[in-house]
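Chains as they are written, first to last, in the working numbering: chain A, -11 to 370; chain B, 427 to 1044.
A virtual CB, placed ideally from N, CA and C, is assigned to each residue, including glycine.
See below:
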């Protein structure tokens, strides 16, 4: 069907044979951003990777796609100009399901360059689907003295009710705050009243569509931003600005995988992971697979695959010492992943294997807390 | 008024809610709720977004003048789609079928593929900031030669509770929007067309009934004026009056412009002057409370700002509506001062401070901030400039006030307000689907048939058509109920009860049928109907009500009662003979408390009196 826009603004579909193409109206050129530099405001960098915060209609499929770059975002959200001056770095325009470890590395280098360049904070605009993975990746790859804030939107930017503006404004406020770590800033509730600041290694998208989909698991959020006042409150254990010296450890070993165990899972599935350098299992409960999987897992470990056990419960800590299957898994050479989220464990494993060639040191690193990804104690009430 | 000479052109848009099981883009029921039943609240801001073509719609821009936080009430009958927290479901097929039925009734042509659009509306009435709408068919005909341009299937907006608070129960109920061509030339014609379209819609039996379920927007212009869209005319009887008043308003705005030009009126200033300090000691509560008061002189406008342009509306009211877009409560102008706590001295002081001459009008706005006050005075300047321009009637969307006069809402929206709804797939209307759509009989045709078949007066039959109870009557008749009993209950009894404040809408069709059957079977008297219905409306079942109000009296019981009464009044009966029937009717009816039909009582009484007066076997 040919889509025709009528004078009233309505679109209708007409079979191609019954109409003649005359002309296509020209799209008004995007307004160029002419944002004055204010010497009294801090300088932030916006690295854009795409996602819903910058999405528009795609005439190929009729659905939405990522098209905006960072300066479009500034035109769309003029209030950002009252928070800071911005440098915009368009890195990619992809929906986040198309993100790869290679792009994480580009992103880490771009962010590191901005840190070295003197940015008071960096905002990374990102699709929400895999934002938590990227935030975890940058948490491990960069030591940052300034806030590196991931932000996106759950409702597309082309709707008046989009959460993009409030999220971006709160992200800018967080990026100019006293924070000194990689974080995700998104709606804390369904209302436009507060954004939560989540630690990059403890955050997870917990709802497909709600504005408040992002939740800190295992720890409370490390801070919050009120809207529209932009008042930032940081938790006592939030890493503060200047606490870390800038460093970039960009190596990743992408030959790692994450699988979820389910009842009756065939041991043959594990054959597909022969030759992988690392494997994270989201096991059941305290961190289990069926007994049937233990021999092939043992074989994988013997052949050099580092296997880390996490739990699909998401909340709580793995303990493979309670039941016999757990003990057998430990005997097979699996590493307990503590209370790490499965996908964070995957990203960490890629990073550890990319940076540490010594296996026993690498295994020790997996068990040790590096960037807040595993806690030493599990507080009650969370 | 000579409407032909004035070049009156009018068209209407009719919005009718459909009575479907589920909403248009989610699976929630289409049930309206009591405000107190809401079980969640949340709040949001909305901002204008650019169209596909990269522009911002002028109506949306106007709504953006103030940052407003909207609050929403959610219910256990609403879901994340209404909350704008989940993508919409596919278009409700039941609603599309009703829409196609209506399209076919008007002889329209369906579009081959229906595309859902987002119509930008950022006044808070849609959580998303847009109303989903789809053009389904076009080119329909009206019996008098008028034309229907389009029919669209849309989602209903949220109901405003008050100010910026909205209730989500109504959001998403399917409605059809029927737009006629600008083919009407007199107020009465507009009203007739609206009535006709309403009748066609009700003929489907698939539309919602009751206050607020149908709304008319009227598009009006006169030759020298401009197109104005008046929204939300709920009362059909007011349509003609609305048209008359709009013609009056446009005529008066033209006359004011001519008078202003004759006087050499002018707007010199481009911004207001701050006069906050002049009102430090004022008795006016509004001015005293204001953080910033701005004023402007309109040269040569004295007397014109306060001149009536339609009942209860002045040019000043128009300026006030414009200013309100910035969040202020309204304006003060010297045509109406001193008043509202502003003294004559203050007016003199203000005039001299502003160097206003006698033929000038001074306008005041009171804001909570510099930004708000200057925004409001800017709007006043804009509106005053329009009053003086070549086109003194601006193209506007207006809302109807109770009396039939109107107030400014926003500029007429343009095509820029439409954006494709990317979350909803297009729907094909192929020949097979279109051919399968059944066209129901018009209510007027049904009424005619009813007159012929049941001997009911035509005006009763038409009233029935308007009441939407025709299907119920037909069912009743098919079940053996006498048409007159059913018609009388619906048209007379129910109306009287409603006037008495009984919530007749709570009575289900089935309950009426049960009651009529009881009457027909001699289990209840016609006289008991009002009391039974009262009781049913208050919550009891028909059976309970009958038991309480009309205990069963068999014919034998009745005969026994009648004989007892006759025996007690032997002398009276002997003296009066058959003439005793009338007085004794009341006595018997009181005894059986309405549980026996009057006709039966009269019959039995007659037989029994006859037996006493002239015994067959002496």
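- Residue pairing by DSSP places residue 633/B opposite 444/B in a beta bridge.
- Contact note: residue 198/A reaches chain B through 506, 509, 511 and 512, using a C-beta cutoff of 9 angstroms and chain order.
- When 7 angstroms is used as the limit between beta carbons, residue 548/B is near these residues of chain A: 148, in chain order.
- Look at the stretch 734 to 790 of chain B and you find these whole runs of beta strand (DSSP E), each 3 residues long or longer: 734 to 736 and 757 to 759.
- Residues of chain B whose Cβ lies closer than 8 angstroms to the Cβ of residue 117/A do not exist, since the nearest Cβ in that chain is about 14 angstroms away.
- According to the DSSP secondary-structure assignment, residue 574/B is paired through a beta bridge with 566/B and 606/B.
- Measuring C-alpha to C-alpha distances from residue 221/A to each of 188/A, 1/A, 161/A and 349/A identifies 161/A as the nearest.
- In this structure, residue 99/A and residue 137/A do not form a Cβ contact; the two beta carbons are roughly 10 angstroms apart against a cut-off of 8 angstroms.
- Within 10 angstroms of the beta-carbon of residue 929/B lie fewer than 16 other beta-carbons, which makes it exposed.
- Of the candidates 658/B, 638/B and 652/B, 658/B places its Cα closest to the Cα of residue 644/B.
- DSSP, read as helix, strand or coil, puts residue 449/B in coil.
- Per the coordinates, the alpha-carbon of residue 963/B lies some 5 angstroms from the alpha-carbon of residue 932/B.
- Listed along chain A are -3, 45, 146 and 147, each with a C-beta nearer than 9 angstroms to that of residue 845/B.
- Listed along the chain, the chain B residues whose CB falls inside 8 angstroms of the CB of residue 76/A amount to none; the nearest CB is some 19 angstroms away.
- Under DSSP, residue 836/B forms a beta bridge with 823/B.
- Here residue 973/B carries a helix assignment [DSSP, helix/strand/coil].
- Contacts between residue 884/B and chain A, judged by CB atoms closer than 7 angstroms, are missing: the closest CB pair is about 41 angstroms apart.
- In the DSSP assignment, residue 991/B falls within the unbroken alpha helix (DSSP H) covering 981 to 994.
- Per the Cβ contact rule, the stretch 706 to 718 of chain B is in contact with the stretch 788 to 803 of chain B (3 or more Cβ pairs under 8 angstroms).
- Membership of residue 270/A in the beta strand (DSSP E) is indicated by the continuous run 266 to 271.
- Residues of chain A whose Cβ lies closer than 7 angstroms to the Cβ of residue 555/B are, in chain order, 147, 148 and 149.
- DSSP places residue 35/A within a strand segment (E or B) once states are collapsed to three.
- DSSP lists 172/A as the bridge partner or partners of residue 186/A.
- Residue 176/A is outside the set of residues whose beta carbon lies under 8 angstroms from a beta carbon in chain B.
- Boundaries of the alpha helix (DSSP H) harbouring residue 946/B: 935 to 946, taken from the DSSP string.
- Apart from the 5 residues on each side of it in sequence, residue 854/B sits with its Cβ closer than 6 angstroms to the Cβ of 539 in its chain, given in chain order.
- If you draw a straight line from the Cα of residue 711/B to the Cα of residue 766/B, it comes to about 8 angstroms.
- Within chain B, 538 have C-beta atoms less than 7 angstroms from the C-beta of residue 3/A, given in sequence order.
- Taking C-beta separations shorter than 8 angstroms and ignoring five residues to either side along the sequence, the partners of residue 278/A in its chain run 249, 251, 252, 253 and 313, following chain order.
- Nearest to residue 87/A by alpha-carbon distance, out of 121/A, 71/A, 77/A and 164/A, is 121/A.
- In this structure residue 510/B is buried. Its beta-carbon is surrounded by 16 or more other beta-carbon atoms within 10 angstroms.
- The C-alpha of residue 834/B is placed about 15 angstroms away from the C-alpha of residue 754/B.
- Beta-bridge analysis with DSSP links residue 244/A to 266/A.
- Under the Cβ criterion of 8 angstroms, residue -11/A is counted among the residues facing chain B.
- Restricting attention to beta strand (DSSP E) runs no shorter than 3 residues, the stretch 192 to 216 of chain A encloses them at 202 to 204 and 211 to 214, ordered along the chain.
- Under the DSSP assignment, residue 501/B falls outside any beta strand (DSSP E); it carries neither an H nor an E label.
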